[in-house]
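S.K.: Residue numbering for the sequence shown follows my numbering, beginning at 93 and increasing consecutively.
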Amino acid sequence: MNKEIRNLEPKELWNKFADLNAVPRPSKKEERVIEFMMNFGRQLGLETIKDEVGNVIIKKAATSGMEDRKTIVMQSHLDMVHQKNNDTDFDFDTQGIEMYVDGDWVRAKGTTLGADNGLGVATIMAILESTTIPHPALEALFTIDEETGMTGAMGLKGGVLEGQILLNLDTEEDDEIDIGCAGGIDVTATAEYDEEAAPEGSVGYTITVKGLVGGHSGMDIHKGLGNANKIMNRLLFDGFDTFGLQIAEIKGGSLRNAIPRESVAKVIIAQVYDEAFVFDMQQIVEEIKTEFKTTEPDLEVVFEKIEDTPKKVMPYMAQFFFVRAMYTAHNGVYRMSADFDNLVETSNNIAKVEVGAGKLAVKCLTRSSVETSKLDLATSLRAAFELMGCEVEFSGSYPGWTPNANSEILDVLTDIYEKQNGTKPDVVACHAGLECGILGTNYPDMDMISFGPTIKGAHSPVERASISSAQKYWKFVLEILKNIPKK
């Protein structure tokens, strides 16, 4: 399997990606990949540092003739989003990613691929290892925990880096150059309730919403994709209002930065409503499928009768307020940018819902390129859940990256791109959370830019990296290194 990947061109890039993908590297559990990267730098005889939070910095002197150029920082994050299909038997804590080639794409077998941001990490590793690629003085910055809190970037202290230009290799369209990004904040609503005994004469059902595309909660939020938690709530709301359905348990979604693909609920209804309930639900399911027929062609909703009917359920009033709060809570695009065409300014992802055993939790990730708009939407969510009696916590707030249209390195990249491809690149700000905004707080004078190869379906098991795009991107990177401005 990996031999097939290692034979792809450019071999320098794909071989390092295969090496990296053999190392388990979930967010918050980066010990093995940190050790891997520390050993990599030391084996090359390069100055290799691990800072207080776990970021790895490897420094390499300029190649001959490039000493008069500005020092650059090449930056990517070590962690990856771990998502798999329900029918995939895979342990992210112990196994390396199983990759294969599918036409022009490299994919993983039923899991995320880790091209986000593994291809960026592999690029930097290949340049550090090379003895033939010309480049200025280089500081390689490998951050941790980008996907679940950006604590690596937040923990990087000022004065550690000397570079004047930062090349962030964490975007996913090879014809785009990013000069700005959204900030974000986690919004978590929690509550406790006293369970009550299920009424006699009840029957139980498991409702499963599955088959959704999922994806990146920033880059894909504008695509009109289904959110499993919102779809499930529509079913629960109608079942509650029409048939007195009561919730025993809900488990929906997983990671805050992934649009939820699946949700499972255990519920009860009075046996007298059994046939009518199933008939009514199927009608609603068909309506939802019609709404999402273009964006979610594989959407499934399955109703299965439970032999062992749940004994405890959420009480009437708690459920009354819960399903209404979930309906009220905004999901998706909240506002488009007035300054950049087709750019999402503010959005929310209702990422994870857990209900059962007398506790409930709803976890959201709110993003915006405008700080006040981010807080406005977060406050709207807070209000919706506080009205039902939840405690609401804001955490993990990080700033956006304000675009600098006068960037010197931007001029370099746009000129090279046009010469190599015959067209101008799209200079954009993105709705994802890049680390540039955070790094800029301690390095305000650093000229920053972000670019990368084409990656589709990041944060989902359909993640894939384009082989031809990686070749185009590698050629772009090598030319950039030759043309870094003089000091």
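Glycine included, each C-beta is placed from N, C-alpha and C at the ideal position.
1. Please report the residue range of the alpha helix (DSSP H) in which S472 lies.
2. What whole-angstrom Cβ distance do P491 and G275 have, given they're in contact under 8 Å?
3. With distance defined between alpha-carbon atoms, name the residue in D390, S429, K103, L473 nearest to V520.
4. Assuming L261 and T215 form a contact by the criterion Cβ under 8 Å, report the distance between their Cβ atoms to the nearest whole angstrom.
5. Looking at A218 and K315, is the spacing between their C-beta atoms short of 8 Å?
6. For V295, which residues does DSSP report across the bridge?
7. Look at the alpha carbon of V125 and the alpha carbon of G206, and state the distance between them as a whole number of angstroms.
8. If you follow the alpha helix (DSSP H) that Q563 is in, where does it begin and where does it stop?
9. Assuming M129 and V148 form a contact by the criterion Cβ under 8 Å, report the distance between their Cβ atoms to the nearest whole angstrom.
10. When DSSP labels each residue in this structure, what does H169 get in the three-state scheme?
11. Would you say P352 and N325 are within 8 Å of each other, going by their C-beta atoms?
12. Would you call the region 555-575 in contact with the region 223-231, where contact means no fewer than 3 C-beta pairs closer than 8 Å?
13. Taking DSSP as the reference, what is the three-state secondary structure of N147?
14. Report yes if the CB atom of L138 is closer than 8 Å to the CB atom of A557, and no otherwise.
15. In the region 191-239, which residue ranges form an unbroken alpha helix (DSSP H) of at least 4 residues, counting only runs that do not cross its ends?
16. Could you pull the DSSP bridge partners for T438 from this structure?
17. Taking 8 Å as the cut-off, decide whether the C-beta atoms of T515 and E264 are in contact.
18. Roughly how far, in whole angstroms, is the beta-carbon of K238 from the beta-carbon of G244, given that I think they are within contact range, below 8 Å?
19. Relative to the alpha-carbon of W106, which residue among R117, W197, V145, Q375 has its alpha-carbon at the smallest distance?
20. To test your reading of the DSSP string, which unbroken beta strand (DSSP E) runs of 3 or more residues are found completely within the region 244-315?
21. Assign R134 to buried or exposed, taking buried as 16 or more other Cβ atoms, counted over all protein chains shown, within 10 Å of its Cβ.
22. Please report the straight-line C-alpha distance between V213 and M242, rounded to a whole angstrom.
23. Tell me where the beta strand (DSSP E) around T140 begins and ends.
24. Quick one: which unbroken beta strand (DSSP E) runs of 3-plus residues sit fully inside the region 480-548? Chain order, please.
25. Note down, one range per segment and in chain order, each beta strand (DSSP E) of at least 3 residues found wholly within the region 317-355.
26. Would you say I541 and I501 are within 8 Å of each other, going by their C-beta atoms?
27. For V186, which of Q256, N423, A114 has the nearest alpha-carbon?
28. How big is the Cα-Cα spacing for C456 and K397?
29. Could you tell me the boundaries of the beta strand (DSSP E) in which F395 lies?
30. Is the separation between the beta-carbon of L100 and that of I559 shorter than 8 Å?
31. Measure the Cβ-Cβ separation of I313 and V436 and say whether it is below 8 Å.
32. Taking C-alpha atoms, which residue in F371, L452, R199, E268 lies nearest to V554?
M.R.: For this structure:
1. Looking up residue 472 in the sequence shown gives position 380. Per DSSP, S472 is one residue of the alpha helix (DSSP H) stretching across 463-478.
2. The residue labelled residue 491 in the question sits at position 399 within the sequence shown. The residue labelled residue 275 in the question sits at position 183 within the sequence shown. Beta-carbon to beta-carbon, P491 and G275 are separated by about 5 Å, close enough to satisfy the 8 Å threshold.
3. Translated into the one-based positions of the sequence shown, residue 520 becomes position 428. Of the listed residues, the one whose Cα sits closest to V520 is S429.
4. Against the sequence shown, residue 261 aligns to sequence position 169. Against the sequence shown, residue 215 aligns to sequence position 123. In this structure L261 touches T215 by the C-beta definition: roughly 6 Å separates them, less than 8 Å.
5. Position 223 of the sequence shown holds residue 315. Position 126 of the sequence shown holds residue 218. With contacts defined by Cβ atoms closer than 8 Å, K315 and A218 do not form a contacting pair.
6. The residue you call residue 295 lines up with position 203 of the sequence shown. Bridge partners of V295: I361.
7. Working through the sequence shown from its first residue, we reach residue 125 at position 33. Working through the sequence shown from its first residue, we reach residue 206 at position 114. Distance between the alpha carbons of V125 and G206 is about 13 Å.
8. Residue 563 sits at position 471 when you count from the first residue of the sequence shown. It spans 559-574 - the alpha helix (DSSP H) in which Q563 sits, taken as one unbroken run.
9. As a first step, residue 129 must be located in the sequence shown, where it is residue number 37. As a first step, residue 148 must be located in the sequence shown, where it is residue number 56. Here M129 really is in contact with V148; their C-beta atoms are around 5 Å apart, less than 8 Å.
10. As a working note, residue 169 is residue 77 in the sequence shown. The answer is strand: DSSP assigns H169 an E or B state.
11. Reading the sequence shown from its first residue, position 260 is the one you call residue 352. Reading the sequence shown from its first residue, position 233 is the one you call residue 325. Against a cut-off of 8 Å, the Cβ pair of N325 and P352 comes out as no contact.
12. Yes, they touch.
13. On the sequence shown, residue 147 is found 55 positions in, with the first residue counted as 1. Here N147 sits in coil by DSSP.
14. Here residue 138 refers to the residue found at position 46 when the sequence shown is read from its first residue. Here residue 557 refers to the residue found at position 465 when the sequence shown is read from its first residue. Going by C-beta atoms, L138 is not nearer than 8 Å to A557.
15. For the region 191-239, whole alpha helix (DSSP H) runs of length 4 or above, ordered along the chain, are 207-221.
16. One-based indexing of the sequence shown puts residue 438 at position 346. In DSSP, T438 forms a bridge with R427, S460.
17. Within the sequence shown, the letter at position 423 stands for residue 515. Within the sequence shown, the letter at position 172 stands for residue 264. Against a cut-off of 8 Å, the Cβ pair of E264 and T515 comes out as no contact.
18. For the purposes of this step, residue 238 is taken as residue 146 along the sequence shown, with counting starting at 1. For the purposes of this step, residue 244 is taken as residue 152 along the sequence shown, with counting starting at 1. The amino acid at residue 238 is misidentified as Lys; the sequence shows Glu. Confirmed, Cβ separation roughly 6 Å.
19. Against the sequence shown, residue 106 aligns to sequence position 14. Of the candidates R117, W197, V145, Q375, the one whose C-alpha sits nearest the C-alpha of W106 is W197.
20. 257-260, 268-273, 275-284, 294-302, all fully within the region 244-315.
21. As a first step, residue 134 is located in the sequence shown; it is residue number 42 there, counting from the start. When all chains shown are included, R134 counts as exposed.
22. Within the sequence shown, residue 213 is the residue found at index 121, counting from 1. Within the sequence shown, residue 242 is the residue found at index 150, counting from 1. Within the model, the alpha-carbon separation for V213 versus M242 is close to 16 Å.
23. Numbered from 1 along the sequence shown, position 48 holds the residue referred to as residue 140. 139-142 is the span of the beta strand (DSSP E), which, as asked, contains T140.
24. Runs of the beta strand (DSSP E) inside the region 480-548: 483-490, 518-522, 539-542.
25. Listed in chain order, they are 338-344.
26. Looking up residue 541 in the sequence shown gives position 449. Looking up residue 501 in the sequence shown gives position 409. Closer than 8 Å, so yes.
27. The residue given as residue 186 occupies position 94 in the sequence shown. Contrary to the premise, residue 186 reads as Thr rather than Val in this sequence. Checked all of Q256, N423, A114; the closest Cα to T186 is A114.
28. Along the sequence shown, read from residue 1 onward, the residue named residue 456 stands at position 364. Along the sequence shown, read from residue 1 onward, the residue named residue 397 stands at position 305. When rounded, the distance between both Cα atoms is 31 Å.
29. Counting from one through the sequence shown, the residue named residue 395 turns up at place 303. Bounds of the beta strand (DSSP E) holding F395 are 392-398.
30. The sequence position of residue 100 within the sequence shown is 8, counting from 1. The sequence position of residue 559 within the sequence shown is 467, counting from 1. Yes; because the gap between Cβ atoms is below 8 Å, this pair is in contact.
31. Taking the first residue of the sequence shown as position 1, residue 313 is located at position 221. Taking the first residue of the sequence shown as position 1, residue 436 is located at position 344. Yes, these two residues count as a Cβ contact at 8 Å.
32. To locate residue 554, count along the sequence shown from 1; it is residue 462. Per the C-alpha coordinates, the member of F371, L452, R199, E268 positioned closest to V554 is R199.
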